[in-house]
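Trainee:
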Amino acid sequence: MDKTISKVILLGSGALKIGEAGEFDYSGSQALKALREEGIRTILINPNIATVQTSEGIADIIYFLPVTPYFVEKIIRKESPDGILLSFGGQTALNCGIELYKSGVLDKYHVRVLGTPVQSILDTEDRDLFVKKLNEIHVNSIQSEAVTNIDDAVIAAEKLGYPVIIRAAYALGGQGSGFCNNENELGKMAEKAFSHSPQILVEKSLKGWKEVEYEVVRDCYDNCITVCNMENFDPLGIHTGESIVVAPSQTLTNSEYHYLRQLAIRIIRHLGIIGECNIQYALDPQSEDYRVIEVNARLSRSSALASKATGYPLAFVAAKLALGYGLHEIKNSITKSTSAFFEPALDYIVCKLPRWDLNKFIGVSKLIGSSMKSVGEVMAIGRTFEEAIQKGIRMIGQGMHGFVNNRDLVFDDVEKELSEPTDMRLLVIAEALLKGYTVNRLFELTRIDPWFLYKLQNIIRLKNDLEAFDIPEQIPYDLLKSAKVSGFSDFQIARCIFKDAGTHMHEAMLKIRDYRRKVAVVPWVKQIDTLAAEYPARTNYLYLTYSGSAHDIEYNDNNKSVIVLGSGAYRIGSSVEFDWCSVNALNTINKEGFRSVMINYNPETVSTDYDVCERLYFDELSFERVMDIIELEQPFGVVLSMGGQIPNNLAMRLYSQHVKVLGTSPVSIDNAEDRHKFSLLCDELKIDQPKWKELSTIREINDFVDDVGFPVLIRPSYVLSGAAMNVVSNRDELEHYLSLAAKVSKQYPVVVSEFIEQAKEVEIDAVANSGELVAYAISEHVEFAGVHSGDATIIFPAQKIYFETMRRIKRISRLIAKALNITGPFNIQFLAKDNDIKVIECNLRASRSFPFVSKVLKVNLIELATEVMLGKEVEKPKKTAFDLDYIGIKAPQFSFSRLHKADPILGVDMASTGEVGCIGENFYEAILKAMLSVGYTYPKKNILLSTGPMRSKVELIPGCKLLADKGFNLFATRGTAQFLEMNNIPCTTLYWPDEDKKPNTLDYLKNRIIDLVINIPKDLSKVELSNDYTIRRSAVDYNIPLITNARLASAFLQAICTIDIAEITIKSWGEY
Amino acid sequence: MQKGRIIKLLLEDGKEFTGYSFGAGQSVSGEVVFNTAMTGYPESLTDPSYNGQILVLTYPIVGNYGVPGNMLENNMYKYFESYALHIAGLIISDYTDDYSHWNANKSLGRWLEEFNVPGIYGIDTRELTKILREKGTMIGKIIYDDQQVEFYNPNEENLVQKVSTREKNVFGNGSHHILLIDCGVKYNIIRNLLTRNTTVTVVPYDWDIEKEQYDGLFVSNGPGNPKMCEATIKSLRKAIENDIPIYGICLGNQLLALAAGADTYKLKYGHRSHNQPVILHQSNKSFITSQNHGYAIDNNTLPDCWEPWFINLNDNTNEGMRHTDKPFFSTQFHPEASGGPTDTEFLFDLFIENVKKCKDRAIS
């Protein structure tokens, strides 16, 4: 081990985006833990304030600043570290690190890159170098050519022969990649790809080949191991991030498995990697012919999955190896007695399924392919493939109960959907099998290995067998056991047996559950010990399976466990912030002497690290499974308020089973969640709410609108073809919107509320104990109401609200806390206009802003909340927001570049995938730091303005004046240009995209002449295919920063004109 | 596939497991052992070292890629490790009858039936493995219907005699002449030698090797207690008095040790997996190896001119030894793999180098 290293910088991955998400919180946290153990001082640069890694006790010094070369250099200069780790922060960290290396900054400050040398990384990132390296050791890569311009791309494709796939170098999650069947498609794809990367690879397409990956580890003594191999259910053609993946591989013989393994070791040796790397292969389904597709010389989504799938902590070990340890010198952290130099033997199968949120975006294609669009993933553990896949489908959380027994889904063209897969691909297969398609035919259409298809067919067979019976007692024992072993939930079995239970499914499900337990068909708790029981495990990484006969652990002390329900798969609206809450709750539970128990199934999170709690159940968060675990644990209590909506939804059902829920009663939770009940409560307490009504006929809706006036907020009780929550401003829009809703009826009512314009949105995050307020944090949004709070830019402490407003907010919060007898965390959102306060939403659980406000206020609200829920005495914190002499700003991260055709505007339906939080001396400094952290940059020279409605035009005048004074060139579309000229601000008019004249906005965007686009939509409804949409979408596709909210734009413009980048203070979290 | 009949596995301590029958409908008894490998059942099931043993596979889904055909290459079955299935019985969790692989010819169940080997699926193999880990490997029996069978301990017999070849066989025609003592040799050992310019003469375990001319001597793997294999130990005692290079694998390692005067003992539950880590003694070089053995050399009993060569990183047991002056070495693990990792295949090169060096010396 290298003893000369005493201070190390770790670069984080920033906000969660499609393709680069929670897995880096986990990897980074593990690496920091490994360094800490060695007594090394750690510095973390990551503006993602919601992560676990940016918490006290993980890194010694934390900088909430952008992970860009400019800021990282400043921090290096200030901190003088000995080494830097680049492999734990995804592509963001890697690209930043490479730039610092190439520009000589690391050399200048004598900072060593620990672990894999930068040259080795470059050898894998630069496609050309990579292929050359592989050729040196006679390893096959896919026939391809690296090009730097479109003409060369076309020539290369001609040579290789269509179909081809193009990939962007230095990218992740397949960004910039896609299949091209002809020159036309190639041209379009290449153009987009070049805006993300200077180099693209044109490759022969091997669609249909098997896709297999290995996670390989190597130390400085050249000792190598492969920790996990994975096989994609979906063959080549679908990015591994978009595929269903199983670990270990299921259809490879020993010779194929070890052939690829041996290649992996040869490759990692030749590249000189120290630490971890991921290798992806294409394997011929008809022979042992293979090709190497890509190598990622850094921790990745796959390595996080591999770590959770095997129990082998790849990031932790990689960090130790970077310090110079040999693998044989490190202990296996699960057995604690055997060596870390080994390869895990699994005695279960793991299935990873991706989660998409494509319904949120109109115009986004549902087709899945070589570029990532998923926002999260789940991992299911079982001892049969059927068990794992059915569990996984339930975990995705989109209303499915398993492979079968779902609400009737209608597919227009089954064969088309099979050969051109979408996010519904598995269920289309179910439909096809039910219709009688043979495995052979399905294989022809999908190229999915028949092994998987046969297993899925087994599930269909079981369903048919079960349907022959009408009451549980009739089901033969063997069939019931087989069904459970194949992953059927009680709910599914209930559907098969009780054909017309209709709305009484919960009762039907309970009947099955009772019967099943009577005949002793129960799940068994097994441990993941990395060695298939060869050595005993000292940690409790657990899952439940029906393929068993005994528990791996003993249950003999009641009342000691406190179970925390996690937040499930990441999705838009529920992400790492809830994991931070869960982990902090677990820490507090440990501190208070209870046994901490976690239930969650997200492989990307820190909460599913077996080291964080005493017992981790990596399993479903369904009523059935949670009850199974509660019955075994006999806990002191269950915590529902840390995992967002999923545990919240279980509240009443658990309550009816007499489960001891800690904190606020489920009855209160129900009173807050149920719109009607909450409204009544507000009326009783004389608290104002915007007018609303739940309506089931068009006539009723029109009547209501006549009463409250436009605009109105309209929300269906189910998602309809992309028209989810929306604001409509006039009758035409209302009709258009309703015409999209196929049915409006009593079963599918629509909620309409008055929409108050120009209202400020304010939130309170608080903790109460038996109805008494213990601590609180009031923050405000930069944008006016109309933007979902998850997409808003948030200021804490609130800076621009009247004192009187704050008082009223506190008073209302106190009233609600008392009325609902809140014990634990809660969040209330308000509209403030003039002196009027209205409540719009109340969540009796941790909200996504809890980590942000806790870290800015430096009072851990979740720790406080958990303590009151455990019944401990707490003191009101002495500090309040008024004592802070700095400001925190939370800004959202969007992934529109990954969602082709999605309209990148902010609306009432949340669209952001992540966030950052930064601290500054004043408002402008803080907002700069935050926006620079989510991809905005100081514009170089040219700014395009298209400022929408009159009030936005007016709002932006001060900002534009400053820009002109500072010497920026302003470009504008006609209306905006005229307005600017009227105000004596010089600008150049550009023609609209659909006008066939020059100079044209589209050209300026394509050629990247513009550095910043400010495009304010005319109103708050979603309208596609307009000129404005084209401008916005082009900005995203050509990687030009875009702002679509007037208030945010105004703040940003004033900030960049007031503060020069060199003036931005470089201060760590601890220094504030 | 119709569910098989319900049958039992009974262990000598009285513990019973119930599952479904597949393969042959037969009762059988043997030593119950577990293997944690995730691939390679066609190779494992034809490994003669498993003779007399009821094999438990911890990997929960077995049979996925079926069983390959009986293609011959160099007079050996190309896809198997010997001429027959040697396990006494097979215990697994989930059985895949609907196999899928371009090289598959039949299902696992069919194959077991052909060789009259019984199998049970639907067993909680993890629980069974934990019992074997805690109590050590045990004698057990698979009871099909009412077919009675006595508890049988294979380690009390000379199993090598059952699996060793009955006559001399010659493979290849390379310039290095290797004499291979067959105690239950895995074909891949022979294949590995053949790709290195050798002629391999395979002889029975009790062959009088003093009469033979050879450039290198190879002692193969095999089943059972090494101390039962007296004839081979006798031959080796004489062979180590000469200078001709010797290489032994698995049982060969143990037989060489006994011939040298060291002692062997029975491990509690053996090493049977594809992930056993070994370290080259007194170095930083480690390797992942494939292993299948129930006995081991006691390092403390190695006589003066022999030293430990590889050590198991998990439990410090002997994984190989070598002579300090003469070109003799042996490994407990399987560099030929099949199944398992091929990281130590280079040891065959080492052996051939010894052979070349010795031949050169003889000439000069």
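The listed protein sequences correspond, in order, to chains A and B.
Each step along the first sequence adds one to the number in the working numbering, with nothing skipped, and position 427 is 709.
Each step along the second sequence adds one to the number in the working numbering, with nothing skipped, and position 337 is 378.
By construction, the Cβ of each residue, glycine as well, lies at the ideal position given by its N, Cα and C atoms.
Which chain A residues are close to isoleucine 352 (chain B), counting only those with a beta carbon under 8 Å from its beta carbon?
Mentor: Simply none; closest approach about 10 Å.
Trainee: Excluding the five sequence neighbours on either side, which residues of its own chain have a C-beta within less than 7 Å of the C-beta of aspartate 366 (chain B), listed in chain order?
Mentor: So the qualifying residues of the chain are Cys346.
Trainee: Do leucine 649 (chain A) and threonine 728 (chain A) have their CB atoms nearer than 8 Å?
Mentor: The answer is no: Cβ separation not under 8 Å.
Trainee: Taking isoleucine 550 (chain A) and arginine 500 (chain A) to be in contact with their CB atoms under 8 Å, please state how far apart those CB atoms are, rounded to whole angstroms.
Mentor: Contact flag correct, Cβ pair sits at about 5 Å.
Trainee: Can you tell me where the beta strand (DSSP E) holding alanine 337 (chain B) begins and where it ends?
Mentor: Unbroken beta strand (DSSP E) run through alanine 337 (chain B): 327-338.
Trainee: Kindly say whether proline 567 (chain A), judged by its beta-carbon, lies nearer than 8 Å to any beta-carbon of chain B.
Mentor: Answer yes: the Cβ-Cβ gap between proline 567 (chain A) and chain B drops below 8 Å somewhere.
Trainee: Glutamate 319 (chain A) to alanine 604 (chain A), Cα distance in whole Å?
Mentor: Using only the alpha carbons, I get a separation of about 14 Å.
Trainee: Taking CB distances under 8 Å as the criterion, tell me whether glutamate 816 (chain A) reaches chain B.
Mentor: Chain B, which has a Cβ nearer than 8 Å to the Cβ of glutamate 816 (chain A), makes this yes.
Trainee: For a quick check, are the C-beta atoms of serine 369 (chain A) and alanine 600 (chain A) less than 8 Å apart?
Mentor: Result yes, Cβ atoms of serine 369 (chain A) and alanine 600 (chain A) sit closer than 8 Å.
Trainee: Beta-carbon separation of tyrosine 892 (chain A) and glycine 850 (chain A) under 8 Å?
Mentor: It is not a contact, given that the beta carbons lie outside the stated cut-off.
Trainee: Rounded to a whole number of angstroms, what is the C-alpha to C-alpha distance between asparagine 1251 (chain A) and leucine 1294 (chain A)?
Mentor: Those two C-alpha atoms are separated by around 11 Å.
Trainee: Who are the near neighbours of valine 1001 (chain A) in its chain, counting only those whose CB is closer than 7 Å to its CB and skipping five residues on each side?
Mentor: Here the model assigns valine 1001 (chain A) a pLDDT of 47, short of 50, so the residue's position is not dependable, and the following value carries that caveat. Cβ neighbours of valine 1001 (chain A) beyond the five flanking positions: Asn641.
Trainee: Nearest by alpha-carbon distance to lysine 973 (chain A): which of A:Arg707, A:Leu962 and A:Pro1231 is it?
Mentor: Closest by alpha carbon: A:Leu962.
Trainee: Which chain B residues are close to threonine 620 (chain A), counting only those with a beta carbon under 7 Å from its beta carbon?
Mentor: Within chain B, the residues near threonine 620 (chain A) are Asn355.
Trainee: Nearest by alpha-carbon distance to tyrosine 91 (chain B): which of B:Ser276, B:Tyr106, B:Thr206 and B:Ala129 is it?
Mentor: Measuring from the Cα of tyrosine 91 (chain B), the nearest candidate turns out to be B:Ala129.
Trainee: Can you tell me whether lysine 492 (chain A) is buried or exposed? The criterion is at least 16 other CB atoms within 10 Å of its CB, across all chains shown.
Mentor: Buried: at least 16 other Cβ atoms inside 10 Å.
Trainee: Measuring only the C-alpha atoms, how far is alanine 783 (chain A) from methionine 791 (chain A)?
Mentor: Looking at the two C-alpha atoms, the distance is approximately 10 Å.
Trainee: Taking the alpha carbon of serine 889 (chain A) as the point to measure from, which residue in A:Gly875, A:Asn866 and A:Asn872 has its own alpha carbon closest?
Mentor: For serine 889 (chain A), the nearest C-alpha among the options comes from A:Asn866.
Trainee: Measure from the C-beta of tyrosine 539 (chain A) to each C-beta in chain B and report whether the shortest distance is under 8 Å.
Mentor: Yes, tyrosine 539 (chain A) lies at the interface with chain B (some Cβ there is under 8 Å from its Cβ).
Trainee: Straight-line CA distance for asparagine 536 (chain A) to asparagine 838 (chain A)?
Mentor: Their Cα atoms are separated by approximately 42 Å.
Trainee: Quick one: is valine 1001 (chain A) near chain B, going by C-beta distance under 8 Å?
Mentor: Any reading at valine 1001 (chain A) is ruled out, since the residue's pLDDT is 47, under 50, leaving its predicted position unreliable.
Trainee: Straight-line CA distance for proline 517 (chain A) to lysine 299 (chain A)?
Mentor: C-alpha separation (whole angstroms): 25 Å.
Trainee: Just confirm the distance between the C-beta atoms of phenylalanine 1066 (chain A) and arginine 1329 (chain A), as a whole number of angstroms; I'd bet it's less than 8 Å.
Mentor: Their Cβ separation, rounded to whole angstroms, is 6 Å, which keeps phenylalanine 1066 (chain A) and arginine 1329 (chain A) in contact under 8 Å.
Trainee: Using CA coordinates, which residue listed in A:Val844, A:Phe685 and A:Leu1126 is at the minimum distance from glycine 926 (chain A)?
Mentor: Of the candidates A:Val844, A:Phe685 and A:Leu1126, the one whose C-alpha sits nearest the C-alpha of glycine 926 (chain A) is A:Leu1126.
Trainee: Cβ of glycine 110 (chain B) less than 8 Å from any chain A Cβ?
Mentor: So no, glycine 110 (chain B) is outside the interface.
Trainee: So which residues of chain A does isoleucine 320 (chain B) contact, with C-beta pairs closer than 7 Å?
Mentor: Correct list: His610.
Trainee: Looking only at C-alpha atoms, which of A:Gly458, A:Ala1080 and A:Leu826 sits nearest to aspartate 901 (chain A)?
Mentor: Here the closest residue by C-alpha is A:Leu826.
Trainee: Do you know how far the Cα of isoleucine 1119 (chain A) is from the Cα of glycine 991 (chain A)?
Mentor: One C-alpha to the other measures close to 19 Å.
Trainee: My guess is that tyrosine 391 (chain A) and isoleucine 358 (chain A) are in contact by the Cβ rule of under 8 Å, so how many angstroms apart are they, rounded?
Mentor: Going by Cβ atoms, the distance from tyrosine 391 (chain A) to isoleucine 358 (chain A) rounds to 5 Å, so yes, they are a contact pair.
Trainee: In the DSSP assignment, what residue or residues form a beta bridge with phenylalanine 306 (chain A)?
Mentor: Looking at the DSSP assignment, phenylalanine 306 (chain A) forms no beta bridge with any residue, so it has no partner.
Trainee: Taking valine 1121 (chain A) as the reference, give the member of A:Ala303, A:Ala1041 and A:Ile1338 with the closest Cα.
Mentor: Checked all of A:Ala303, A:Ala1041 and A:Ile1338; the closest Cα to valine 1121 (chain A) is A:Ala1041.
Trainee: Secondary structure at methionine 924 (chain A), three-state DSSP: helix, strand or coil?
Mentor: Of the three classes helix, strand and coil, the one that applies to methionine 924 (chain A) here is coil, per DSSP.
Trainee: Please list the residues of the segment 805-838 of chain A that have a C-beta atom closer than 8 Å to any C-beta atom in chain B, keeping them in chain order.
Mentor: Cβ contacts with chain B come from Trp806, Lys808, Leu813, Ala814, Ala815, Glu816, Tyr817, Pro818, Ser829, Gly830, Ser831, Ala832 and Asp834.
Trainee: For a test of the three-state rule: what should DSSP assign to methionine 79 (chain B), helix, strand or coil?
Mentor: Three-state result, methionine 79 (chain B): coil.
Trainee: Which residues does DSSP list as the beta-bridge partners of threonine 242 (chain B)?
Mentor: Its beta-bridge partners are B:Val211 and B:Leu220.
Trainee: May I ask you to list the residues that DSSP assigns as paired with threonine 821 (chain A)?
Mentor: Threonine 821 (chain A) pairs with nothing; no bridge assigned.
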